[in-house]
Structure formats: C-alpha cells, structure tokens
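In this text, residue positions in the sequence shown follow my numbering: the first is 3, and each later residue adds one.
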Amino acid sequence: MGICKLIKFLENRFLNHKFYKDEFKQEYWKDVKRRRYYIRIIKENPEFRGKTRSEIESYFGSNECKHLYTNRWTYFIMIKRRKEYILAFYFENNVLIDIRYEYKYIK
Numbered sequence: 003m004g005i006c007k008l009i010k011f012l013e014n015r016f017l018n019h020k021f022y023k024d025e026f027k028q029e030y031w032k033d034v035k036r037r038r039y040y041i042r043i044i045k046e047n048p049e050f051r052g053k054t055r056s057e058i059e060s061y062f063g064s065n066e067c068k069h070l071y072t073n074r075w076t077y078f079i080m081i082k083r084r085k086e087y088i089l090a091f092y093f094e095n096n097v098l099i100d101i102r103y104e105y106k107y108i109k
C-alpha cells in the first residue's frame, strides 16, 4: 500500500468515524514510516478538536489511557532507546484543545 493510499485510507477512517483499534495496534504501528504519518494525521485532524474526554477515550480505548493530571490524557505509542513516546491530549473544561507528540526518559 502506497503512502498516499494509506493517508487517504486513514483520513476516510477518521472522517467516517470508523476507528478499529485492533488494526490500529497490529498493522499501522509496525512500520516506522506508517507510524509517523499516522501520528501526523491524528495531530492535524480537525475532527478531534472540540471533542470531549469521553469521546477521545472511545476512539483510543479507555483502558489505554493514563490520567496523570486532570487536564491531560496520554496514549502510549512505543519505547525506543530508553525513551517512552506518547501522544498527549490536553483538555480545557473537558474539551480537547491540543495534541502533542512527547517523550520522556526511562531510568
């Protein structure tokens, strides 16, 4: 599957509100290039802006979340070279305002 086809495929999944967590976990995170484009699509997707915390949890699975702070929700991506990479979702008044790709060092 070419990169352009993959991007269109993922955009159609998000725009049609069809998100399949099993395929997300197994297929798209295996390849580094696919992972990078998938993260970019998640960050730049206007459909996520303005969603509530419960809607974001329903997309990514509530058992995958880490509630570190009341206004921050994280989603684990991978561990590589003693770094834990995550997507951090920031909320204000229970509404999504920002998505960031972050990492932290593991001791």
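By construction, the Cβ of each residue, glycine as well, lies at the ideal position given by its N, Cα and C atoms. Please read all numbers here as calculations on a predicted model, not as lab measurements.
When the options are compared against residue i, the one with the closest alpha-carbon
i, options, result
"residue 103", "55, 79, 83", "79"
"residue 75", "41, 46, 94", "94"
"residue 61", "39, 87, 91", "91"
"residue 52", "109, 105, 96", "96"
Status (buried if at least 16 other CB within 10 Å, exposed otherwise) for residue i
i, result
"residue 54", "exposed"
"residue 72", "exposed"
"residue 44", "buried"
Nearest-angstrom beta carbon gap, residue j and residue i [assumed within contact, 8 Å]
i, j, result
"residue 2", "residue 50", "The displayed coordinates of the chain run from 3 to 109. Any statement about residue 2 would go beyond what the structure contains."
"residue 85", "residue 107", "6 Å"
Opening and closing residue of the alpha helix (DSSP H) in which residue i lies
i, result
"residue 59", "55-62"
The beta strand (DSSP E) enclosing residue i, as first and last residue numbers
i, result
"residue 74", "74-82"
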